[in-house]
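Asks: If you're matching positions, the sequence shown starts at 280 in this note's numbering and goes up one per residue.
Every residue, glycine too, gets a C-beta built ideally from N, C-alpha and C.
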Amino acid sequence: MSARTVELSVAMCTFDGAPFLEEQLVSIGEQSRPPDELVICDDGSSDGSFEAIERFSRAAPFPVRLVVNGRRLGPTKNFEKAISLCQGTLIALADQDDVWHPDKLATQEELLRSAGLDAVFSDAEVVGPDLQPLGYRLWDAVGFDRRDRTLVRLGRPLDVLLRKDVVMGATLLFRARHRAVVLPIPEGWVHDAWIALVIAVAGRVGFVERPLVMYRQHGANQIGARAPRTGLLSGLSAAYRASGETFARQVDRYLAACESFRALVGGGRVDRTVLEEIETKADHVRSRARLPRRRIARVPLVAKELFRGRYHRYSGGWRSVGKDLLRAT
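1) Who are Ala373's beta bridge partners in DSSP?
2) In terms of alpha-carbon separation, which member of Thr284, Pro314, Asp322 lies closest to Phe294?
3) To the nearest angstrom, how far is the alpha carbon of Leu369 from that of Gly595?
4) Excluding five sequence neighbours on each side, which residues of the same chain lie with their C-beta closer than 7 Å to the C-beta of Pro412?
5) Taking just the CA atoms, how far does Ala481 sit from Gly545?
6) In whole angstroms, what separates the C-alpha of Met493 from that of Arg577?
7) Please report the distance separating the alpha-carbon of Phe453 from that of Asp402.
8) Among the candidates Leu300, Asn348, Glu309, whose CA atom is the shortest distance from the CA of Leu328?
9) Going by DSSP, name the residue or residues bridged to Cys320.
10) For a test of your reading of the model: does the CB of Arg592 fall under 7 Å from any non-hydrogen atom of the ligand ADP? Yes or no.
11) Which two residues bound the contiguous alpha helix (DSSP H) that contains Ala472?
12) May I ask you to report which of helix, strand or coil DSSP gives Leu512?
13) Taking the alpha helix (DSSP H) that Glu584 falls in, what are its first and last residues?
14) When DSSP labels each residue in this structure, what does Ala361 get in the three-state scheme?
15) Buried or exposed, going by whether 16 or more other CB atoms sit within 10 Å of the CB of Arg573?
16) Got a sec, what are the start and stop residues for the alpha helix (DSSP H) Pro298 sits in?
17) If you count every other CB in all the chains shown that lies within 10 Å of the CB of Pro436, and 16 or more means buried, which is it?
18) Suppose the cutoff is 7 Å on Cβ atoms and the five residues either side in sequence are ignored; what does the same chain contact list for Met280 look like?
19) Rounded to whole angstroms, what's the CA-CA distance from Lys602 to Arg567? Just pull it up for me.
20) Who are the Cβ neighbours of Ile557 in its own chain at under 7 Å, not counting the five residues just before and after it?
21) From Arg312 to Ala542, what distance separates their C-alpha atoms?
22) DSSP beta-bridge partners for Thr597?
23) Starting from Glu404, trace the alpha helix (DSSP H) in both directions and tell me its first and last residue.
24) Less than 8 Å separating the beta-carbons of Leu287 and Asp315?
25) Using the C-alpha atoms, what's the distance from Trp418 back to Val445?
26) To the nearest whole angstrom, what separates the beta carbons of Ile464 and Thr355, a pair I think is in contact under 8 Å?
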């Protein structure tokens, strides 16, 4: 291993992934540009995942390192560990249950290097347990639309990521040097959302419009990709069911982010204006979480946030306004 140049690492996390793990491993092994190493951190599987990894590692055309955690870390901290163990200058993240297109790594690496980017993500085809397409793509599910894509192309990914999470870790390749600002991942954050946010601030982000991953939905995903809602009735129903608890969790998430960004500002790694943006986002989410139970009493508070431009800068615009006026709690 010491004599081998490691340029591109794949960081994978596993936990009882035996039903789909072998297909994912095979798809990594069949990459037209194979990784220089595969680092797998297992969170205590008891279902045959080890056997699948051992079978694959014996025939893999690159080194496979399996690290078994002594105690359960959970998905985010497990990915944090896997990322920290990678030796490559580029790191691709891999879920245990997807399938990669054969040119995924080659396509992303070529774009990242040729355009001088710090991170590249892609769209994905959403499929069922048997890999049959479900009729929509990942970007449809997360709402990464033409306007958002234009903002990223213009070098303004933060304008998108302050409103919504659009980067799925399974589609992400980034430069390992950003670990210094990405890790540790603050409490309440999913690894991919945090990595995308920080690199959007500290570097340049690009994307591949076509799907490079088959993103499998099987009922046990950490974060799924539901079909996009269409129609007024569906939207109103979703708004009514929205819970204030969701916003309370968002408050905790962004307060934790503020602490992390304060440290980055103090270390001279990011500009103070970025911290101010994160603090304003936290304040906006806090205002949404604290809306009164009586809907009529919410109107002036919602109007204030709308007038200040925060619904369009930090939430979903008029859709979020409607949600806050209609939701039950």
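Replies: So, to answer that:
1) Met291
2) Asp322
3) In this structure, the alpha-carbon of Leu369 lies about 33 Å from that of Gly595.
4) Hits under 7 Å: Glu404, Val406.
5) 14 Å
6) 42 Å
7) So the alpha carbons of these two residues sit roughly 16 Å apart.
8) In the sequence as presented, Leu is not what sits at residue 328; that position holds Ser. Of Leu300, Asn348, Glu309, the residue nearest in Cα terms is Leu300.
9) In DSSP, Cys320 forms a bridge with Cys292, Val346.
10) The ligand ADP is absent from the structure shown, which contains no ligands of any kind.
11) 470-481
12) Low per-residue confidence applies at Leu512: pLDDT is 48, beneath 50, and the placement is therefore not dependable enough to give any value.
13) 574-586
14) helix
15) exposed
16) That run of the alpha helix (DSSP H) goes 297-308.
17) buried
18) Its pLDDT being 42, under 50, Met280 is placed unreliably by the model, and the measurement read from it follows with that caveat. So the list reads Pro342, once near-sequence residues are dropped.
19) Spanning the two alpha carbons is a distance of roughly 10 Å.
20) Tyr533, Ala536, Cys537, Phe540
21) 37 Å
22) Note that residue 597 is Trp in the sequence shown, not Thr. DSSP output for Trp597 lists no bridge partner at all.
23) Careful: Glu404 lies outside any alpha helix (DSSP H), inside the beta strand (DSSP E) at 398-406.
24) Inclusion of Leu287 and Asp315 in the CB contact set at 8 Å is warranted, their separation being smaller than that value.
25) Each residue's alpha carbon lies about 7 Å from the other.
26) 6 Å
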